[in-house]
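Accompanying notes for the structure given below.
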Amino acid sequence: MTKRDTFVAFLALAGAGVWSYSAWVKQHSPNSVKAASVKPDNQRKPAPDFTLKDADGKVVHLTDYRGKVVLLDFWATWCGPCKIEIPWFMEMQRKNKDKGFEVLGVAMDDEGWEVVKPFVADLNVNYRIVIGNDSTAEIYGGVDALPTTFLIDREGKIAAVHVGLASKKEFEDGIEELLQIPAAGSARAALPAGAGAKQ
Amino acid sequence: MLLCLPVLAQNNKQYLTVGELLTVAGKRSAAVQAKIPISVQAGFHVNSNMPSDEYLIPLKVTWKSTGALEGGQVIYPKPSLEKYEFAEKPLSVFTGDFSVVANFKVAANAPAGPGVAAGQLRYQACNDRACFPPKTIEISLPYQVQ
């Protein structure tokens, strides 16, 4: 090995060390948030993909959101606890949309847009809504109790599940924790056209 | 891919049960009354027939076929107003055991003998943290024309 090779190897090792240390500091600094409900990375399973339509008839795939932290909320107009969480999610969408975060609501009303559109308009919902169906519910484990909310990391893996009304703080901490981890590469962080929230 | 989340897999679970309906008996043109005994699982509630919010789904009994019986007007009990963590205002609900009454009149030309009226009960249940999809239960009311 030449002196030059040794120097390059040293630089590479030093670079990796600095990167690892900065990642560790980010995770363990007093300002970092750790939500109790967020699973460690090695215990997360991939979020099943789906193809559903939004209110404008545009096709939405969950994979469109890869590189972003996604709050996937299964809800219905007849669900009282869902109505409590929706304004929280609107606030979280406003607060975090520029940091790589999106809320995606999956309405489980049998009557579809006929009932969902007026409800969403009444509440001025500022994030994207799609209409779910039995197969969407099935791939997510049944989703009988509403609200059921999945927090999905930038890698498209399920980091947390909340069945029923959860605390606002739990959502906020989970989102913050997942947003602390940067997107793995700029290509993944880039959102395909149409994947953004309804503004 | 199917996730392993057993806590969510409750699709066929009923949160309300309808007890046995006793045979109603009456002569032609007589008024008869059927009692539908209902029991809501502890810790759950169902919306009353007149929910507090337009988006909530009411408990409702409807008749599909009544045979020799006519009418079938349904009388619901007085609901209770309960406050839950997830609602700003108290909700109009039914909880525990209660009965819904259906009023019929035996048809003037009904043939003597037994028959069965068929109906449905639709409800939507919640507990204090979550709500469950609307369900429909089939109801059979045996009757005897004397």
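So the sequences go chain by chain: H and W. According to our numbering, the residues represented by the first sequence are 1 to 199, in order. According to our numbering, the residues represented by the second sequence are 1001 to 1146, in order. From the three backbone atoms N, C-alpha and C, an ideal C-beta is built for every residue, glycine too.
Terminal residues of the alpha helix (DSSP H) in which residue i lies
i: residue 94 of chain H; result: 80-96
i: residue 209 of chain H; result: With chain H represented from 1 up to 199, any question about residue 209 of chain H goes unanswered, as that position is not in the structure.
One or two residues paired with residue i in a DSSP bridge
i: residue 287 of chain H; result: Within the shown structure, residues of chain H are numbered from 1 to 199, placing residue 287 of chain H beyond reach of any answer.
i: residue 1103 of chain W; result: W:1033, W:1073
i: residue 1114 of chain W; result: W:1144
i: residue 53 of chain H; result: H:59
i: residue 1125 of chain W; result: W:1046
i: residue 1091 of chain W; result: W:1082
i: residue 40 of chain H; result: In the DSSP output, where bridge partners are listed per residue, residue 40 of chain H has none listed.
i: residue 46 of chain H; result: H:157
i: residue 1119 of chain W; result: W:1063, W:1139
i: residue 74 of chain H; result: H:106, H:148
i: residue 1098 of chain W; result: W:1038
Unbroken beta strand (DSSP E) run spanning residue i, endpoints
i: residue 138 of chain H; result: Where residue 138 of chain H is concerned, there is no enclosing beta strand (DSSP E), although the alpha helix (DSSP H) it sits in stretches over 134-139.
i: residue 1036 of chain W; result: 1031-1040
i: residue 158 of chain H; result: 157-163
i: residue 148 of chain H; result: 148-152
i: residue 67 of chain H; result: Here residue 67 of chain H belongs to no beta strand (DSSP E), and DSSP marks it neither H nor E.
i: residue 1017 of chain W; result: 1016-1018
i: residue 129 of chain H; result: 128-131
i: residue 143 of chain H; result: Residue 143 of chain H -> no beta strand (DSSP E), and no H or E assigned at all.
i: residue 101 of chain H; result: 101-107
i: residue 1025 of chain W; result: 1024-1026
Under 9 angstroms by beta carbon: chain H residues contacting residue i
i: residue 1084 of chain W; result: 80, 81
Partner residues on chain W for residue i, Cβ-Cβ distance less than 9 angstroms
i: residue 165 of chain H; result: 1085, 1086, 1128, 1129, 1130
Straight-line Cα distance separating residue j from residue i
i: residue 1048 of chain W; j: residue 1098 of chain W; result: 11 angstroms
i: residue 1076 of chain W; j: residue 1017 of chain W; result: 16 angstroms
i: residue 1106 of chain W; j: residue 1051 of chain W; result: 32 angstroms
i: residue 1140 of chain W; j: residue 133 of chain H; result: 31 angstroms
i: residue 1131 of chain W; j: residue 1124 of chain W; result: 8 angstroms
i: residue 1062 of chain W; j: residue 158 of chain H; result: 43 angstroms
i: residue 137 of chain H; j: residue 1066 of chain W; result: 37 angstroms
i: residue 154 of chain H; j: residue 119 of chain H; result: 30 angstroms
i: residue 86 of chain H; j: residue 121 of chain H; result: 12 angstroms
i: residue 1006 of chain W; j: residue 1144 of chain W; result: The predicted model places residue 1006 of chain W with a pLDDT of 34, which falls under 50 and marks its position as unreliable; any figure quoted below should be read in that light. Roughly 46 angstroms separates the two Cα atoms.
i: residue 60 of chain H; j: residue 45 of chain H; result: 21 angstroms
i: residue 34 of chain H; j: residue 69 of chain H; result: 15 angstroms
i: residue 84 of chain H; j: residue 1138 of chain W; result: 33 angstroms
i: residue 174 of chain H; j: residue 1090 of chain W; result: 31 angstroms
i: residue 1126 of chain W; j: residue 1038 of chain W; result: 16 angstroms
i: residue 179 of chain H; j: residue 65 of chain H; result: 14 angstroms
i: residue 141 of chain H; j: residue 161 of chain H; result: 11 angstroms
i: residue 21 of chain H; j: residue 43 of chain H; result: In this prediction, residue 21 of chain H has a pLDDT of 42, which is less than 50 and means its spatial position is unreliable; nothing more can be read from the coordinates.
Listed by chain order, chain H residues near residue i by CB distance under 7 angstroms
i: residue 1055 of chain W; result: 77, 78, 119
Proximal residues of chain W, C-beta to C-beta of residue i below 7 angstroms
i: residue 152 of chain H; result: Within chain W, no residue comes near residue 152 of chain H; the closest Cβ sits about 12 angstroms away, beyond 7 angstroms.
i: residue 84 of chain H; result: 1086
Listed by chain order, chain H residues near residue i by CB distance under 8 angstroms
i: residue 1124 of chain W; result: 78
Does the pairing of the segment 85-99 of chain H with the segment 36-51 of chain H give three or more beta-carbon distances under 8 angstroms? no
Taking three-plus beta-carbon pairs below 8 angstroms as touching, is the segment 46-54 of chain H in contact with the segment 167-176 of chain H? no
So does the segment 1011-1021 of chain W actually touch the segment 1078-1091 of chain W, counting three or more Cβ pairs closer than 8 angstroms? no
Would you say the segment 109-116 of chain H touches the segment 148-156 of chain H, given that touching needs at least three Cβ pairs under 8 angstroms? no
Pair every Cβ in the segment 70-79 of chain H with every Cβ in the segment 1053-1061 of chain W, then say whether three or more of these pairs are closer than 8 angstroms. yes
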